[in-house]
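Letter by letter, the sequence shown follows residues 0 to 90 in numbering that gives the first Met the number 0.
Built from N, CA and C at the ideal position, the CB exists for glycine as well.
This report refers to the structure that appears directly beneath it.
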Amino acid sequence: MVFAMPMMGMMGWWGGGGPGTGVSPIWGIGMMLSFLVVLLGVGYFLYRGLVGGQVLGHDRALEELRTAYARGDLTDDEFEQRRERLQRDRE
Numbered sequence: 000m001v002f003a004m005p006m007m008g009m010m011g012w013w014g015g016g017g018p019g020t021g022v023s024p025i026w027g028i029g030m031m032l033s034f035l036v037v038l039l040g041v042g043y044f045l046y047r048g049l050v051g052g053q054v055l056g057h058d059r060a061l062e063e064l065r066t067a068y069a070r071g072d073l074t075d076d077e078f079e080q081r082r083e084r085l086q087r088d089r090e
């Protein structure tokens with residue numbers, strides 16, 4: 000008992016990592032994967048926030064313009080003028 004008490008203090012709560020003590024390695028891998036998923040999620044949302052409405056050639060304003068044209072709200076000339084203006088402003 001005299002030797003056991005100081006050894007318990009040195010090994011901490013987990014008992015020094017011997018068999019049957021401590022945390023399973025699966026928990027460590029799970030925590031690393033969880034951290035990676037959170038990191039990738041934050042990166043994704045930052046990317047979406049910085050790019051705005053344009054993701055991989057997707058332009059919300061141009062999509063709305065095409066929808067209005069398909070509904071018949073715009074004439075051919077109006078559609079072409081607005082589309083050219085949007086493309087010019089985007090560059």
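Taking the straight line between their C-alpha atoms, what separation do you get for residue i and residue j?
i: Arg84; j: Arg59; result: 14 angstroms
i: Tyr43; j: Ser33; result: 15 angstroms
i: Val41; j: Gly29; result: 18 angstroms
i: Glu77; j: Glu62; result: 15 angstroms
i: Ala67; j: Gly48; result: 26 angstroms
i: Pro24; j: Val37; result: 20 angstroms
i: Ala69; j: Leu45; result: 33 angstroms
i: Gly27; j: Leu35; result: 12 angstroms
i: Leu39; j: Asp72; result: 42 angstroms
i: Glu79; j: Val50; result: 25 angstroms
i: Val87; j: Thr74; result: Per the sequence shown, the amino acid found at residue 87 is Arg instead of Val. Cα to Cα, Arg87 sits roughly 20 angstroms from Thr74.
In this structure, how does DSSP classify residue i when only helix, strand and coil are distinguished?
i: Glu40; result: In the sequence under discussion, the amino acid at residue 40 is Gly, which differs from the Glu named in the question. Helix.
i: Leu32; result: helix
i: Leu73; result: coil
i: Asp88; result: helix
Is it the case that the Cβ atoms of residue i and residue j are separated by a distance below 9 angstroms?
i: Leu91; j: Arg81; result: Outside the displayed range of the chain (0 to 90) lies residue 91, so it cannot be described from this structure.
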